[in-house]
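See structure below.
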Amino acid sequence: MTDAYVAGVGMVPFGRYEGVNEADLVLPAVQVALDDAGVEASDVQAVFFGNALGPPGLGQRTFWASSLVGKPMINIENACASAATALVEAVAWIKAGMADIALVVGVEILTGRVEGLIPMPSDDHYAAQGLTLPALYALKARYHMEIYGSTPEHFAQVSVKNRRHAVYHDMARFRQEVSLAEVLSSRPIAEPLTLLQCCLNADGAAAAIVVSECVARGNRRAVRIAASTIGSGLRRQDIGWEEQTLKRVARLAYEHAGIGPEDISIAEVHDAFTPGELLAYERLGFSKEGMGGIDLEHGRFCLGGKPPVVNPSGGLLARGHPPGATGLAQIHEVVLQLRGEAGPRQVDGARVGLTATMGGNVSQLETNACVVHILTR
Amino acid sequence: MYPAKQTCSICGNLLHDEQLVGNGHLVTWTVVHQGPPGFSAPYVLAWATLDNLGIGVLGRLNAPPGEWLQHIHVGQPVSIWEERNSTGPVHIWMEVTHD
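Chains as they are written, first to last, in this note's numbering: chain S, 97 to 473; chain A, 5 to 103.
Shown next, in the form of structure tokens:
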């Protein structure tokens, strides 16, 4: 079985775009990825198209006028993990020998369609009790505070760190630092979470070219995909608030890659809300159980510190969050870092990178989808 | 099965309806300041285990947020009941009782 490699990445800055459709954002991102990989659209053999909330058939709607017409085109919806899931599928095709060059896309037009909270389905029992996505993360945070003694400051510190990282990221939506006091005193959303601990709804697109070993041979900028794993969430009823899904999927990824958490130089994790990142420290094995907040307080996970650096891009909190595109934006950052092309936010000697993407609001489950990728030089 | 389902996903048999009512214990909670349409915020949303059925349920506490929240803890006893109308969803309510 061949290995799969990321040969090219591209994205457009995430933010608010007026009067555009998905194709307007996707086509420039795809062109950057093709140029980065040094391949033509006509060389692509299959397209995997991630999107969460847009119309059906979006891949075909986007590419009908391009030279991708007629190729296998697969549309993938897996909530906020749609683009990451599209990558999992592309890797499977490459490994199975069904294609040597695949295009992976993630896109979302969210602003103008959804303002503020992303709504839950109207027949959802939990939504009928008043559950929102930030409230779900707030319940996780409170459980962690009660069991392990973490504090509102620990969660707020995630925003402070990620906004500091984003100062060095030209694609980030927010590039100004915020202080702990500013984060804590911003408008309360669902306690202990405040506004500055919630990612911003955004529009955006990202793309990647995934290739087989024989295509990647001789390409020194190609980054190997050492693990590409996916799971769905366990029933909340069965697991309570232990949030086991990411741990389960990450363990599989480490096993596939033949490495452990201590080998990770950088990680891009799903900080849609700050508890998502703090819990990820523990679930990914960077911190001992219950110690995520303490480790962060002691300066871990920051640019300039010891590995792993978490969310060197600024994460969803600073980049903005187009649900269908986020997974590939995480891959974009890891690929740049592993190539040594991340400019002022380059992590010295980055050799192994991890992405963790969570998606979904089927509230009977911990999450709809959880995807972990490990990439190596 | 919670939330309620009419048939079992494994064997397909019809399931009977249980009332969600009884004593329970708090697991986690939050004060929601920005709720879905139709909810007047702030309100206290909580997850508690319902002792007689051995399940966890999500519901609202029936008191406005206040200083009393400083004194609740994991394992805090609550009473739990449901409110059913002929139309619309089931609402689950909780009230803090004494240790």
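Idealized CB from N, CA, C, for every residue including glycine.
Could you tell me the boundaries of the beta strand (DSSP E) in which residue i lies?
i        : result
S:His469 : 465–472
A:Gly63  : 59–65
A:Ile84  : 81–87
S:Ala323 : 319–327
S:Pro284 : 284–286
S:Ala137 : No beta strand (DSSP E) contains S:Ala137, which DSSP labels as neither H nor E.
S:Val306 : 300–308
S:Val203 : 197–204
S:Asn315 : Per DSSP, S:Asn315 belongs to no beta strand (DSSP E) and is neither H nor E.
S:Ile172 : 169–172
Applying the 10 Å Cβ sphere with the 16-neighbour rule, what's the burial state of residue i?
i        : result
S:Cys310 : exposed
A:Cys12  : exposed
S:His261 : buried
A:Thr91  : exposed
A:Ile14  : exposed
S:Pro418 : buried
S:Gly411 : buried
A:Arg88  : exposed
S:His250 : buried
S:Asn174 : buried
S:Val122 : buried
S:Leu154 : buried
S:Ala179 : buried
A:Gln10  : exposed
A:Trp51  : buried
S:Pro217 : exposed
DSSP three-state call for residue i: helix, strand or coil?
i        : result
S:Ala100 : strand
S:Met241 : helix
S:Trp160 : coil
A:Phe43  : coil
S:Gly449 : strand
A:Trp97  : strand
A:Trp51  : strand
S:Gly388 : helix
S:Cys294 : strand
A:His29  : strand
S:Thr207 : coil
S:Ala363 : strand
S:Gly106 : strand
S:Val443 : coil
S:Leu235 : helix
S:Leu121 : helix
S:Leu399 : coil
S:Leu289 : strand
S:Val405 : strand
S:Val128 : helix
S:Leu227 : coil
A:Leu24  : coil
Among residues of its own chain, excluding the 5 on either side of residue i, which ones have a beta-carbon nearer than 8 Å to its beta-carbon?
i        : result
A:Gln80  : His29, Leu30, Val100, Asp103
S:Gly150 : Glu118, Val203, Glu204, Ile205, Gly420
S:Ser74  : This structure does not reach residue 74 of chain S, given that chain S is present from 97 up to 473, and the question cannot be answered.
S:Gly395 : Gly401
S:Glu339 : Lys236, Leu375, Arg379, Glu462
Give me, in chain order, the residues of the same chain whose beta-carbon lies closer than 7 Å to that of residue i; leave out the 5 immediate sequence neighbours on both sides.
i        : result
S:Pro284 : Thr290
S:Ala129 : Gly104, Val105, Gly106, Ala303, Ala304, Ile305
S:Ala312 : Tyr101, Ala103, Ala318
S:Arg331 : Gln460, Leu461
S:Glu273 : Arg259, Arg260, Val263
S:Asp359 : Val448
Span of the alpha helix (DSSP H) holding residue i?
i        : result
S:Trp189 : 178–191
S:Gly423 : 422–435
S:Asn258 : 248–262
S:His352 : 341–353
S:Ile335 : 332–335
S:Val414 : It is worth fixing the name first, because residue 414 of chain S is Ala in this sequence and not Val. Element bounds for S:Ala414: 411–415.
S:Gly150 : S:Gly150 -> no alpha helix (DSSP H), and no H or E assigned at all.
S:Ala376 : 370–379
S:Glu278 : 276–281
Can you round the beta-carbon distance between residue i and residue j to whole angstroms, since I take them to be within the 8 Å contact cut?
i        : j        : result
S:Asn315 : S:Thr207 : With a Cβ gap of about 37 Å, S:Asn315 and S:Thr207 do not count as contacting.
S:Ser255 : S:Leu227 : So it is not a contact: roughly 22 Å between Cβ atoms.
A:Val25  : S:Glu287 : Contact flag wrong, Cβ pair sits at about 28 Å.
S:Ser308 : S:Thr98  : 4 Å
S:Ala182 : S:Phe144 : 4 Å
Keeping to the same chain, check which residues put their C-beta closer than 6 Å to that of residue i; ignore five residues upstream and five downstream.
i        : result
S:Tyr244 : Gly386
S:Phe397 : Val406
S:Met454 : His366, Thr463, Cys466
S:His428 : Val105, Met107, Ala302
S:Arg112 : Thr207
S:Glu223 : According to the sequence displayed, residue 223 of chain S carries Ala and not Glu. Met216, listed in sequence order.
Please find out if some non-hydrogen atom of the ligand PLP comes closer than 7 Å to the beta-carbon of residue i.
i       : result
A:Leu65 : Inclusion of the ligand PLP in the displayed structure is not the case, the ligand content being empty and no account of it being possible.
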